[in-house]
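Asks:
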Amino acid sequence: MAPFWQTRPLAAMTTEQWESLCDHCGRCCLVKLEDEDTGDIFTTRVVCAQYDIACGRCGEYARRFEKVADCINLTPENVGSIPWLPETCAYRRLH
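If you're matching positions, the sequence shown starts at 114 in this note's numbering and goes up one per residue.
The following block contains the structure:
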């Protein structure tokens, strides 16, 4: 039997399936800066204060949007429009 991500469209995945795609690399938790003139996005080497480097996960995942005002909620609907996701990101690869 094929894995669910090969047979189920992103929009049809359960929350648990969607969340399980993440490999917790933390690259989406790196602070990014956008050049106002060109729109270019620069990824810094600074990670969000809530990211727990030791365990590779957000330390406040359930409350991340309360704790970090600009935390991005990655969803099947918006993942295709977020240009800074790394090419290795499962969300991006499956979109």
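Each residue gets a CB set at the ideal place from its N, CA and C atoms; glycine is no exception.
Unbroken alpha helix (DSSP H) runs of length 4 or more, entirely within the stretch 124-169: which are they?
Replies: As far as the stretch 124-169 is concerned, its whole alpha helix (DSSP H) runs of at least 4 residues are 128-133.
Asks: Mind checking which residues open and close the alpha helix (DSSP H) that includes W118?
Replies: Note, W118: alpha helix (DSSP H), F117 to T120.
Asks: Quick one: is V159 buried, meaning 16 or more other Cβ sit within 10 Å of its Cβ, or exposed?
Replies: V159 comes out exposed.
Asks: According to the neighbour-count rule (16 or more other Cβ atoms, all chains shown, within 10 Å of its Cβ), is V144 buried or exposed?
Replies: Its Cβ having fewer than 16 others within 10 Å, V144 is exposed.
Asks: Using 8 angstroms as the threshold, is the stretch 115-135 in touch with the stretch 176-186, meaning 3 or more CB pairs across them?
Replies: No, the stretch 115-135 is not in contact with the stretch 176-186.
Asks: May I ask you to list the residues that DSSP assigns as paired with C171?
Replies: Answer by DSSP bridge pairing, in chain order: Y164.
Asks: Given a cut-off of 9 angstroms, decide if W197 and C141 are closer than it, judged by their beta-carbon atoms.
Replies: In this structure, W197 lies closer than 9 angstroms to C141 by Cβ.
Asks: Since M139 and G169 should fall inside the 8 angstroms C-beta cutoff, what is the C-beta to C-beta distance between them, to a whole number of angstroms?
Replies: Residue 139 is actually Gly in this sequence, not Met. Right, the Cβ-Cβ distance comes to about 6 angstroms (below 8 angstroms), so this counts as a contact.
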